[in-house]
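>
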Amino acid sequence: MTIGEAIEYFLADHRRLGSRPDTIRWYRTTLSLLLRDHQGDPVTALTKPLMLKVLDRNVSTNTKAIYERALRGFTRALYRDGIIAKFPFEGMKRPREEYKPKKTLTQEEVNRLFAAAGSDPRYRLRNRAMLYVLLQAGLRASEVARMRVEDVDWENAAIIVRGKTGDAVVPMSRDVYRAMKAYLTTERRGQSRYFFATGSLAVTGTSVSRWVQRLAKRAGLSRPVGAHLLRHTFATNYLKAGGDAFRLQRLMRHKTASMTQRYVNLVLDDVAADLNRRVLRPERWV
Numbered sequence: 007m008t009i010g011e012a013i014e015y016f017l018a019d020h021r022r023l024g025s026r027p028d029t030i031r032w033y034r035t036t037l038s039l040l041l042r043d044h045q046g047d048p049v050t051a052l053t054k055p056l057m058l059k060v061l062d063r064n065v066s067t068n069t070k071a072i073y074e075r076a077l078r079g080f081t082r083a084l085y086r087d088g089i090i091a092k093f094p095f096e097g098m099k100r101p102r103e104e105y106k107p108k109k110t111l112t113q114e115e116v117n118r119l120f121a122a123a124g125s126d127p128r129y130r131l132r133n134r135a136m137l138y139v140l141l142q143a144g145l146r147a148s149e150v151a152r153m154r155v156e157d158v159d160w161e162n163a164a165i166i167v168r169g170k171t172g173d174a175v176v177p178m179s180r181d182v183y184r185a186m187k188a189y190l191t192t193e194r195r196g197q198s199r200y201f202f203a204t205g206s207l208a209v210t211g212t213s214v215s216r217w218v219q220r221l222a223k224r225a226g227l228s229r230p231v232g233a234h235l236l237r238h239t240f241a242t243n244y245l246k247a248g249g250d251a252f253r254l255q256r257l258m259r260h261k262t263a264s265m266t267q268r269y270v271n272l273v274l275d276d277v278a279a280d281l282n283r284r285v286l287r288p289e290r291w292v
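In my numbering, the protein residues as written are 7 to 292.
1) Can you tell me whether DSSP reads L286 as helix, strand or coil?
2) Less than 8 Å between the C-beta atoms of I72 and T81, yes or no?
3) Can you find the residues in the same chain that come closer than 6 Å, C-beta to C-beta, to V231, ignoring five residues on each side of it along the sequence?
4) Using DSSP's beta-bridge definition, name the partner residues of D159.
5) Helix, strand or coil: which one does DSSP assign to V116?
6) Is it true that the CB of D47 sits closer than 8 Å to the CB of T8?
7) In chain order, what residues of the same chain lie with their CB nearer than 8 Å to the CB of L52, ignoring the 5 residues before and after it?
8) Quick one, which of D28, L23, D126 and K246 has its alpha-carbon nearest R224's?
9) Roughly how many whole angstroms lie between the Cα atoms of M258 and T110?
10) Can you find a C-beta in chain B that's less than 8 Å from the C-beta of K109?
11) Buried or exposed for T50, please, with buried defined as at least 16 other CB atoms from any protein chain shown within 10 angstroms of its CB.
12) Does DSSP put I9 in a helix, in a strand, or in coil?
13) So, for L131: in the same chain, excluding its five sequence neighbours on each side, which residues have a beta-carbon less than 7 Å away from its beta-carbon?
14) Among F201, A233, R21 and R253, whose alpha-carbon lies nearest the alpha-carbon of E156?
15) Just grab the DSSP bridge partners of Y200 for me.
16) Of all the options R220, K99 and G226, which has the alpha carbon lying nearest to the alpha carbon of A233?
17) Please name the residue in E96, A143, L119 and P177 whose C-alpha comes closest to that of R78.
18) Sorted by chain position, which residues of the same chain lie with C-beta nearer than 8 Å to V292's C-beta, five sequence neighbours on each side aside?
19) What is the residue span of the alpha helix (DSSP H) that L84 lies within?
20) What residue range does the alpha helix (DSSP H) around S25 cover?
21) What is the DSSP secondary structure of P48, reduced to helix, strand or coil?
Laid out in structure tokens, this is it:
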């Protein structure tokens, strides 16, 4: 078996297991990029020296960590299935990813996004509902795309989120509930099972992300804005308003508390800065 054939085998197994199309596409793109010059080599060439060679690129630490994640998943599956005799990353430490927090959306930016969302008369209610779900429920773009009509529990004001970490129940804020109800009862057309589909046109995580980017440009925002920034804004503002980290972990559907702790640390930095501005001091330093 060649490395190129092994990649196809790996992707076919992901399809069999029901992996998301975005996940399969990411693996295909990343593995094809890294192993482009080795697709005709035998799978026995998937050794530690080759992994180090293809990872030796002039990219950021985070990008290199993403590349390694794809290679680890690929070669681990081949090792598990007996296609290669040794896992090439055995004993190798994972590279540390640098977390560079983005500045959350301001109230003015949020106002402009909603104004832009309501400017399209064809999809005014759908656009507003999608924006509310991203900003006040913290859903990922792919989760918004996969939301089905039957996933909305109107009686309990909750959404069943079918995400990458499994299914979860997320409560709807009053704004989210009203916006989604208005869209469903007034503007929604077609028989698609997916909540935000327009007629027969499917919605994907990629199309939701691109929609947010176009919306930000139409709103005249001076910086790039993607769907994840809306999720980041939701989490940060939740904590600033007094929410606790345990509840936020459940709302964000983080696998580990360390992922949520990033947001806690950001808010603590803001609290410390605010504290220095607001504490009472004597007129003279003593």
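Where a beta carbon is used, it is the ideal one built from N, C-alpha and C, also for glycine.
The structure displayed is predicted, hence computed values, not measured ones.
On the basis of the coordinates in this document:
1) Reliability fails at L286, whose pLDDT of 47 lies under 50, so the model's placement of it is uncertain and the value that follows must be treated cautiously. Three-state result, L286: coil.
2) no
3) A222
4) A164
5) helix
6) yes
7) I9, A12, T81, L84, I90 and P94
8) D126
9) 16 Å
10) The structure shown contains no chain B; it holds only a single protein chain.
11) exposed
12) helix
13) A188, Y189, T192 and E193
14) F201
15) R154
16) R220
17) E96
18) Low confidence applies here, because V292 scores a pLDDT of 43, under 50, leaving its location unreliable; read the following figure in that light. Contacts found: none.
19) T67 to R86
20) From DSSP, S25 is part of no alpha helix (DSSP H); its letter is neither H nor E.
21) strand
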